[in-house]
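Asks:
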Amino acid sequence: MARLPAILAPGHRHAAIAVAFLILAIVLGGGGTPNPQTEVLLETLTGLAALAWLWSPGRLHLPPDRMLWLLASLLALVPALQLIPLPPSLWQALPGREAQIAALELADAADSWRPLSVSPARTLASLLSLGPPLLLMLMTGALSTRERQWLIVTVAGMAILSSLLGAMQISTGQAAPQLYEKSAHFVVTGFQANRNSTADLLLIGLLALAAVAAGRKARQEQEAAGRASSAGAPSGNAWLGGAALLVLVACVLTASRTGIALIVPVLIACSFIFIPYRGSALNRGHLAAAGGILALVLGAIFLFNHNSALQKVAARFGLPEDARPGLWADTWYAIGQYWPFGSGMGTFVPTFVALEPLEAVDPSIPNRAHNDYFELMLEAGALGVAMFLACVAVVLFMAWRSWKGNAGERWQTLFGIATLAVVAAHSTIDYPLRSMTVASLAAVAVGLLARPPVRARSGQSRVAGQAAHSS
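Here our numbering is used: the first residue of the sequence shown is 69, the next is one more, and so on.
Now the structure itself:
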């Protein structure tokens, strides 16, 4: 585990800023649309963090990997283009603008210039929401490999703290400490307002704990290599196992069905992060990990039958009807009405409500499509789909390059890949990237795949050479 004095050392001020801002993103970014106050505060702090980063003493720390700058440009491109005013002859010809034209004609404003977005204010808010994750992505890419490990430690620590806060929420019920006014009760939410976002944070926290353990194990093996035997090297990972169990139980108690379903794949990913994979066959460590995972699953089944809190969680899997299929069908219809240009980022609610079938109308208002891919198609259109595919291609290239070029610390690469896989899987039936917290964690994962600064590697080599010469 990284010690605090090392993080605050003069040579690591930028790493300290990144760690502090990541903590703020996790704590303040979990309110979602019903709780916008903390998100606005986080967006304001983004500007201050960027200024602190640029004005910190020493050499200017900017990520050298051009892939990160390409990703940042691609992600900001669609909402930025959707805010450019268009002449009436252009925007009135776009699909799905009939109701907008009719409303503006009542105010004699139909011939005014309008952007592509049907709600420019919502699209501007969507663009501003990219600030925290994009800044964290660039910050991570500018740090050395050792400093990046501190970010992983931070994720693990925040998952543990979220689990402890969740334990208080479970034990005190309605009077539980909540960060947000509109939040779920009687389940673990931690620093988030949404149980699904909490589950994502805890699942990524499990991956982070495995990466922390892998880093400790690698350092112990390096230290033992200089001694006659490594038999006496302490493992020091027992407390990490206890922390992982705490986070695992907290994840179950979120009652997030998708989060619980992802536990087993995440545990398998943890085993590959911690236990190096060599050769074409699984080694004994992976077999032992598989046995441990099976034991956890069997133990969970036993507990479900003997624990009232877990029985409430199990009841979530027995719901006779889920509204998501109907929501997806209506979203698909809305996509067809605005295709191929889209309605504008962040405009799902007004767009969907205007097109919702009468037989589906009820007092509730769907705030999301519960499928990030469908929602992107509706709001961003064909250009957004092309942007998304381009981003996926860039990230896959970065992952492949990191795996080939970072053999000594592949646990960071695996943590980044597994984190993005969790978010991508959950996006099929929910909207994790609409949470600033989860988006920030995904951004850190992408930053971990970036090529580390050359100055960090060369600086470490010079220090090692000086130490060898003095000895």
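Here a beta-carbon is modelled for each residue, glycine too, at the ideal position from N, C-alpha and C.
Do you know offhand how far L509's Cα is from A235's?
Replies: 23 Å
Asks: Between W181 and P153, is the Cβ-Cβ spacing less than 8 Å?
Replies: W181 is a Cβ neighbour of P153, given a cutoff of 8 Å.
Asks: Using the Cα positions of G98 and S265, report the straight-line distance between them to the nearest angstrom.
Replies: 7 Å
Asks: With H, G and I counted as helix, E and B as strand and the rest as coil, what does DSSP make of L154?
Replies: strand
Asks: Can you tell me where the alpha helix (DSSP H) with W137 in it begins and where it stops?
Replies: 134-149
Asks: Rounded to whole angstroms, what is the Cα-Cα separation between A382 and V512?
Replies: Low confidence applies to A382: its pLDDT is 46, below 50, so where it sits in the model is not reliable, and the reading given next is rough at best. When rounded, the distance between both Cα atoms is 33 Å.
Asks: Say whether the stretch 402-414 touches the stretch 163-177, bearing in mind that this needs 3 or more beta-carbon pairs closer than 8 Å, one atom from each stretch.
Replies: yes
Asks: What's the C-alpha gap between A397 and I497?
Replies: In this structure, the alpha-carbon of A397 lies about 13 Å from that of I497.
Asks: Could you tell me the alpha carbon to alpha carbon distance between T208 and W159, rounded to whole angstroms?
Replies: 39 Å
Asks: From H354 to A281, what does the alpha carbon distance come to, in whole angstroms?
Replies: Low confidence applies here, because H354 scores a pLDDT of 48, under 50, leaving its location unreliable; read the following figure in that light. Approximately 15 Å, taken between the alpha carbons.
Asks: Which runs of the alpha helix (DSSP H), 4 residues or longer, sit entirely within the stretch 410-492?
Replies: 416-423, 440-473
Asks: What are the boundary residues of the alpha helix (DSSP H) that W307 is part of?
Replies: 306-320
Asks: Between the C-alpha atoms of Q150 and A144, what's the straight-line distance to the nearest angstrom?
Replies: About 10 Å.
Asks: Can you tell which of L517, P201, V506 has its C-alpha closest to the C-alpha of A492?
Replies: V506
Asks: So A120 packs on I85, CB below 8 Å; how close in whole Å?
Replies: 5 Å
Asks: Can you give me the C-alpha to C-alpha distance between R502 and G412, rounded to a whole angstrom?
Replies: Spanning the two alpha carbons is a distance of roughly 15 Å.
Asks: Considering only residues of the same chain and omitting the five flanking positions on each side of S124, which have a CB-CB separation below 8 Å?
Replies: Take S124, set aside five residues on each side of it, and the residues of its chain with a beta-carbon closer than 8 Å to its own are R81, H82, I85, in chain order.
Asks: So, is E111 buried or exposed, given that buried needs 16 or more other C-beta atoms within 10 angstroms?
Replies: buried
Asks: Check this for me: beta carbons of M135 and A461, under 8 Å apart or not?
Replies: A distance of 8 Å or more separates the beta carbons of M135 and A461.
Asks: Quick check on DSSP: helix, strand or coil for R182?
Replies: strand
Asks: Would DSSP call F340 helix, strand or coil?
Replies: helix
Asks: What three-state label does DSSP hand W159 in the structure shown?
Replies: helix
Asks: I need the DSSP call for V512, collapsed to helix, strand or coil.
Replies: helix
Asks: Is it buried or exposed, A323, if we count other Cβ atoms within 10 angstroms and call 16 or more buried?
Replies: buried
Asks: Hey, out of S230, V490, G414, whose CA is closest to V317's CA?
Replies: Nearest in C-alpha terms to V317, of all of S230, V490, G414, is S230.
Asks: Write down the C-beta distance between R478 and W468 rounded to the nearest angstrom, noting that I regard them as a contact closer than 8 Å.
Replies: Not confirmed; about 12 Å, so no contact.
Asks: Classify E289 as buried or exposed, calling it buried when 16 or more other Cβ atoms lie within 10 Å of its own Cβ.
Replies: Its Cβ having fewer than 16 others within 10 Å, E289 is exposed.
Asks: For the alpha helix (DSSP H) holding W121, just list the boundary residues, first then last.
Replies: 104-123
Asks: If I follow the unbroken alpha helix (DSSP H) through S230, where does it start and stop?
Replies: 213-240
Asks: Between A454 and G394, what straight-line distance do the alpha-carbon atoms span, to the nearest angstrom?
Replies: 26 Å
Asks: Can L269 and V490 be called in contact, C-beta distance under 8 Å?
Replies: No.
Asks: When you compare the CB positions of G273 and V223, do they come within less than 8 Å of one another, or not?
Replies: yes
Asks: Might you give, ordered along the chain, the residues of its own chain that have their beta carbon closer than 8 Å to the beta carbon of M445, omitting 5 neighbours on each side?
Replies: Listed in chain order, the non-local C-beta contacts of M445 below 8 Å within the same chain comprise I403, W407, G410, G452, V453, local neighbours out to five positions each way being set aside.
Asks: Can you have a look at A227 and say buried or exposed, based on whether 16 or more other CB atoms are within 10 angstroms of its CB?
Replies: buried
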